[in-house]
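Let me begin by presenting the structure, written as structure tokens, before commenting on it.
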Amino acid sequence: MDWSPLLLSAKLALLTTVLIPVAAAPLAYMLAFFRFPGKSLLDAFITLPMVLPPTVLGFGLLVCFGPNAFLGASWEQLFGQRLVFSFSAIVLASLIFNLPFAVQPMRASFEKLDSRLLESASILGLSRTAAFFRVVLPNCLGGLAAASILVFAHSLGEFGVILMVGGSIPGETKVASIAIFEAVEALRYDDAFRMSALLVPVSFVVLLIINRINQRDQ
Amino acid sequence: MDWSPLLLSAKLALLTTVLIPVAAAPLAYMLAFFRFPGKSLLDAFITLPMVLPPTVLGFGLLVCFGPNAFLGASWEQLFGQRLVFSFSAIVLASLIFNLPFAVQPMRASFEKLDSRLLESASILGLSRTAAFFRVVLPNCLGGLAAASILVFAHSLGEFGVILMVGGSIPGETKVASIAIFEAVEALRYDDAFRMSALLVPVSFVVLLIINRINQRDQ
Amino acid sequence: ADLLVAQAANFMPAMKEIIPVFEQQTGLEVDATYTSTGKLYGQIVNGAPFDVFLAADQRRPDKLFADGLCSEPFVYAKGQIVLWSLNPQLCKGDWTKAAQHTDAVKVAIANVENAPYGNAAMVAMQKAEIWDAMQSRLVFGQNIAQVFQYASTGAADAGFCAYSSVFTEQGQKGCFVEIPQAPDVIQAACILNSAPHSEAAAKFVEFLATPEVAAIKAKYGYK
Amino acid sequence: MSLNASIRKRLPHFELNVELCCAPGRLTALVGPSGAGKTTLVRLLAGLERPDQGVITMGDAVWVDTTRRRFVPTRKRGLGLVFQDYCLFPHLSVRQNVAFAATQEHRVDELMERFGIHHLQHRKPSAISGGERQRAAFCQALARNPSLLLLDEPFSALDAATREALRKELKDLKTSLDIPVIHVTHDLAEARYLGDTILPVVSGRVAPDWLERQYVPFLNTSDTLPEPS
Amino acid sequence: MSLNASIRKRLPHFELNVELCCAPGRLTALVGPSGAGKTTLVRLLAGLERPDQGVITMGDAVWVDTTRRRFVPTRKRGLGLVFQDYCLFPHLSVRQNVAFAATQEHRVDELMERFGIHHLQHRKPSAISGGERQRAAFCQALARNPSLLLLDEPFSALDAATREALRKELKDLKTSLDIPVIHVTHDLAEARYLGDTILPVVSGRVAPDWLERQYVPFLNTSDTLPEPS
Ligand SMILES: Nc1ncnc2c1ncn2[C@@H]1O[C@H](COP(=O)(O)OP(=O)(O)OP(=O)(O)O)[C@@H](O)[C@H]1O
Ligand SMILES: Nc1ncnc2c1ncn2[C@@H]1O[C@H](COP(=O)(O)OP(=O)(O)OP(=O)(O)O)[C@@H](O)[C@H]1O
Ligand code: MOO
Ligand SMILES: [Mg+2]
Ligand SMILES: [Mg+2]
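Residue numbers (the numbering used here), protein chains in the order written: chain X, 1 to 218; chain E, 219 to 436; chain R, 437 to 659; chain B, 660 to 888; chain V, 889 to 1117.
Take a look at the structure:
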């Protein structure tokens, strides 16, 4: 059996899950605790990839990533490589469409935090950043776990956006969800079955681990 | 321009959002407050549609909904209509793949509920069911709103599963996400753009409304 | 991989046999991706890194050539559509009757815009003047492979499939009727100018003209 | 009422063993040092905590018997309960909270009047002071006409005047209610004032001698009594 | 220290206007009826509440001045604070809580020893009793060597013996700490015992006459003093 789609999917899901907090945590923190003009706009803008059909998003990204668009052209200048239909492109796309799935649960758990804890932190002299790392984060592990479940699951299963910006290039952008689709279409049921049979238990184990973390935290 | 894909998408999203609590709320309640054998299995089973690539789920449903399978055959007996490739089929599929997106946020907000509230309810003589309606639900509107945002967004944007079970029938199962996909692949960028241009602001407005409800609750 | 071929979905059964032979002869490793001709064309226009494009029509390779995106196209196969079904009842007699049989609640056809085989099916139905009557029964696959999937799982009662799929293992499990009204599907191929592996691409195109390939194509009903 | 229970999670070092003889209309004041298990005892009586092992009886009824796997759920015990950190339902107004499990509407107003929170009836619990919240909790517990009233330091958030008023209220109430009242307090004076019986609990057992050791009323050691500025 | 502030959301009917003269090493006890604004006052001093309008000064420093848009954030005010319903960080052990903002490690042990919670140092706050929690909160506030100590009914969850011990502790501490202490209490006896100054606050203003009206020590009305059973 061809392992590359499974490996690609795993790589994509892990990369996304690891990279996304860098963007999502500060955004969630801002949305939960700060008041600033244009907040509801930012909020809606971040949530957009969630409500947009993957094909619409994929279309938008396809245009942006193309060699004629600014992003695609700059990328080609910087890295000497075509962006669209590359693995980098699907990672980027995955980060973008997963952003709301990471921000929303994080934000919800930040907002649910007992406000007295933040009051305590400021009484004890902590700055907002210090309070974030020493008080908010450790008390919101549940929310973070929920966020990673969603993100991991999503990047493992995403199909529409990746099909649009990645095409289906073997070894580069043909992730498991696409490979399974094609295998089913080509009536190679045994291949489809084998890949699913591997994907499902692996996802399951990841899910169980995250659930365990989640429960320990409660 | 052809409006029917947009109308179909709206119909599908609304129906799913309205119907899903019937199944999701009791499941979330059970998972949050009860202990029973096989709970973690049920939990994992419900989460499955979230980790499965939509194409795997879609193929499974295609087979189950077909006239040779038990479900598809019974449906045809009951309603005198073919299930697969019908609007009912995509609503059913949408309910199934959205279940975890509804159950997870509900459950999270149920679990975060101050346990003293439930203690109070039982001291005041409420049964578990009564406590659910009079104490749990009104204090978890945020979680319910989060659940509906996710479900609405998902059913509006779902692509992979519907691509498999829907058959892209104009006016019946060719929802906006598929119509846009086909338009882009056919290089009819203007059509794709026009549909997206309508879908985006509509989704935006729905988002803002749900956010408003969410905020009022806090 | 040393070569990436973008092929129209209908040619997939034949390609599955062609690739191992080519790999054995040259020692090159070949990857292939398939979907409808229109989708592949869209991806090529947007910069997809394919080497060889095996289309299911002549129009799109010609267009690429006109836009300076590929070398001169050549015809590599001529295919046909058939009406395929799991239900033996539907294979008795004329295809127009079969398509309108009461058992044929749903009939699958490929996207008429992106898939030349879907287009051919439409043309045939229009010629037979049953296109309008068929509308309520039609179910659309994204490419000819999905059409066969719909038909072979029984989700659709019949499908306008590529003749080549009749010769597959699954295809043997059902029956088919021919469609005389349908035009031959003339399939052209070309090497892309942006091909990352142009040498291997040239070798592959050369290989397509060999008798071995001709034998495989014949086996799958291509002319 | 008798309680004999071990609950290792909370009380690893001792087990509760208390015989409470509390007649209708009478108040038993439970006093004892911090960590003696007073709150645990109340939670066990209320069915909010399950003993690892033990028996709890209330009159003739057996509420808990671990050997016979018997456990009467909280809601069937007909309780009124006020905790020190009792929380009202945040989504309901003060009035709705009091009326939540009330049997008669007029009783709701009567109680709120009596506890001096009638003017706050339309506020949410988050917008009233700690003492006001405690009074509302009192009203909520009484509004359902419980058959046993459990109070775990219910006056701790109140100023002296309000507390004294409420104590008087409770003293009047307890006879008119005609139900047994169990009142945990750390204020010996309060226990003496309100209690028909004072039950000192130390490490889960009735310990009458503890009471005597405590009897050095704090106010008499008034070595520094500065004048009001 | 002076505070002149209106905060309509919490206090629609009056505005706070209090002049506190609290020298280092001295304790000012704030007493007053429920709803007088004592907690609000403490929260304003701590910067946890922003006045709609008003000025708060601490010595020479202006902490809040709404007309000049000045607001010193809580974390820069160098406070120690213990609320009645203070909550410790649930993810940390008792020791980690105390050490959270501590300046010296040895002080952490010293304080836990002093407040009798050293043996609980590895437990989580959810697994200790209310009184134990309050003592831990005390340690946490003191461990960072604050320059002003604010206490809002910090002893309410304690039994008489522990409370008395803590009061003695606080009395000793306040001179060794050498910082001003502001102590809200509803226990007049406590105020008299601990306070170098007693400040009765009614409806947001200092009201010395309230104190006199209160001066009917509750314990003397011992009309019913049942013997321990
Ligand atoms: N949730 C819990 N899990 C484990 N142990 C607990 C828990 N709550 C309390 N304890 C422990 O149980 C013992 C008794 O606690 P309890 O709350 O019953 O005491 P109490 O008599 O009410 O004391 P206080 O007067 O301080 O409220 C204490 O030693 C405490 O540390
Ligand atoms: N979050 C809030 N929002 C609006 N009003 C509030 C809020 N908290 C308290 N109040 C109101 O402000 C007034 C003063 O409350 P505060 O908590 O300062 O009183 P207090 O003197 O501390 O009383 P107690 O002794 O009962 O604790 C009360 O009338 C109360 O109803
Ligand atoms: O082989 Mo096609 O391009 O799907 O008709
Ligand atoms: Mg207690
Ligand atoms: Mg107060």
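Cβ atoms here follow ideal geometry from the backbone N, Cα and C, with glycine treated the same way.
Residue j beta carbon less than 8 angstroms from that of residue i
| i | j | result |
| --- | --- | --- |
| residue 863 (chain B) | residue 696 (chain B) | yes |
| residue 942 (chain V) | residue 952 (chain V) | yes |
| residue 1087 (chain V) | residue 916 (chain V) | yes |
| residue 521 (chain R) | residue 593 (chain R) | yes |
| residue 1027 (chain V) | residue 1000 (chain V) | yes |
| residue 762 (chain B) | residue 803 (chain B) | yes |
| residue 1022 (chain V) | residue 983 (chain V) | no |
| residue 468 (chain R) | residue 653 (chain R) | no |
| residue 704 (chain B) | residue 675 (chain B) | no |
| residue 936 (chain V) | residue 119 (chain X) | yes |
| residue 53 (chain X) | residue 97 (chain X) | no |
| residue 820 (chain B) | residue 921 (chain V) | yes |
| residue 550 (chain R) | residue 473 (chain R) | yes |
| residue 615 (chain R) | residue 597 (chain R) | no |
| residue 515 (chain R) | residue 621 (chain R) | yes |
Cβ-heavy atom distance, residue i to ligand 1, below 7 angstroms
| i | result |
| --- | --- |
| residue 981 (chain V) | no |
| residue 457 (chain E) | Any answer about residue 457 (chain E) is impossible in this case: the structure gives chain E only from 219 up to 436. |
| residue 810 (chain B) | no |
| residue 1017 (chain V) | yes |
| residue 963 (chain V) | no |
| residue 777 (chain B) | no |
Proximal chain V residues relative to residue i, where beta-carbon distance stays under 8 angstroms
| i | result |
| --- | --- |
| residue 822 (chain B) | 1074 |
| residue 711 (chain B) | Correct list: empty, because the minimum Cβ distance to chain V is about 16 angstroms. |
Contact test: residue i Cβ vs ligand 2 heavy atom, cutoff 7 angstroms
| i | result |
| --- | --- |
| residue 1044 (chain V) | no |
| residue 920 (chain V) | yes |
| residue 243 (chain E) | no |
| residue 1126 (chain V) | This structure cannot speak to residue 1126 (chain V), because chain V is shown only from 889 to 1117. |
| residue 923 (chain V) | yes |
| residue 894 (chain V) | no |
| residue 938 (chain V) | no |
| residue 897 (chain V) | yes |
Contacts of residue i in chain E (Cβ-Cβ under 9 angstroms)
| i | result |
| --- | --- |
| residue 797 (chain B) | Those do not exist, as residue 797 (chain B) stays about 13 angstroms from chain E at its closest Cβ, beyond 9 angstroms. |
Proximal residues of chain X, C-beta to C-beta of residue i below 8 angstroms
| i | result |
| --- | --- |
| residue 1042 (chain V) | Within 8 angstroms Cβ-Cβ: nothing; residue 1042 (chain V) doesn't reach chain X, min ~14 angstroms. |
Ligand 3 heavy atom lying under 7 angstroms from the CB of residue i
| i | result |
| --- | --- |
| residue 604 (chain R) | no |
| residue 497 (chain R) | no |
| residue 233 (chain X) | What the structure shows of chain X is the stretch from 1 to 218, and residue 233 (chain X) is not part of that stretch, so it cannot be assessed. |
| residue 630 (chain R) | no |
| residue 523 (chain R) | no |
| residue 472 (chain R) | yes |
| residue 580 (chain R) | yes |
Contact list for residue i against chain V, beta-carbon separation under 9 angstroms
| i | result |
| --- | --- |
| residue 661 (chain B) | Simply none; closest approach about 15 angstroms. |
Residues that residue i contacts on chain X, provided the C-beta gap is smaller than 9 angstroms
| i | result |
| --- | --- |
| residue 485 (chain R) | 82, 85, 86, 167, 169 and 172 |
Give the list of continuous alpha helix (DSSP H) stretches no shorter than 4 residues that lie fully inside the segment 235-322 of chain E. Listed in chain order, the complete alpha helix (DSSP H) runs (minimum 4 residues) inside the segment 235-322 of chain E are 257-269, 272-283 and 288-297.
Count the C-beta pairs between the segment 219-236 of chain E and the segment 384-401 of chain E that are closer than 8 angstroms, then say yes if the count reaches three, no if not. Three or more beta-carbon pairs separated by less than 8 angstroms link the segment 219-236 of chain E to the segment 384-401 of chain E, which places the two stretches in contact.
Report yes or no: do three or more beta-carbon pairs, one from the segment 90-104 of chain X and one from the segment 52-70 of chain X, lie closer than 8 angstroms? The answer is yes - the segment 52-70 of chain X touches the segment 90-104 of chain X, with three or more Cβ pairs under 8 angstroms.
Taking 8 angstroms as the threshold, find out whether the segment 402-419 of chain E comes into contact with the segment 284-298 of chain E through three or more Cβ pairs. Look at the beta carbons and you see the segment 402-419 of chain E not touching the segment 284-298 of chain E: under three pairs across the two are nearer than 8 angstroms.
With a floor of 3 residues, list each beta strand (DSSP E) that falls wholly inside the segment 696-737 of chain B, ordered by position along the chain. Qualifying beta strand (DSSP E) stretches, in chain order: 712-717 and 720-724.
Between the segment 963-973 of chain V and the segment 1023-1039 of chain V, are three or more C-beta pairs nearer than 8 angstroms? Touching, yes.
At 4 residues or longer, what runs of the alpha helix (DSSP H) sit wholly inside the segment 502-578 of chain R? At a cut-off of 4 residues, the continuous stretches assigned as alpha helix (DSSP H) that sit fully inside the segment 502-578 of chain R are 531-535, 552-563 and 567-570.
For the segment 182-209 of chain X, which segments carrying the alpha helix (DSSP H) assignment without a break, of at least 4 residues, lie completely within its bounds, in sequence order? If we require 4 residues or more, the segment 182-209 of chain X turns out to have no alpha helix (DSSP H) run fully inside it.
Decide if the segment 478-493 of chain R is in contact with the segment 626-635 of chain R; the criterion is three or more beta carbon pairs, one per stretch, under 8 angstroms apart. Judged by Cβ distances under 8 angstroms, the segment 478-493 of chain R makes contact with the segment 626-635 of chain R, as three or more pairs qualify.
Taking one C-beta from the segment 671-690 of chain B and one from the segment 845-854 of chain B each time, how about it: are there three or more such pairs within less than 8 angstroms? Between the segment 671-690 of chain B and the segment 845-854 of chain B there are three or more C-beta pairs closer than 8 angstroms, enough to call the two in contact.
Given 8 angstroms, three or more beta-carbon pairs between the segment 16-24 of chain X and the segment 338-348 of chain E: Remark: fewer than three beta-carbon pairs, one from each stretch, lie closer than 8 angstroms, so the segment 16-24 of chain X and the segment 338-348 of chain E are not flagged as touching.
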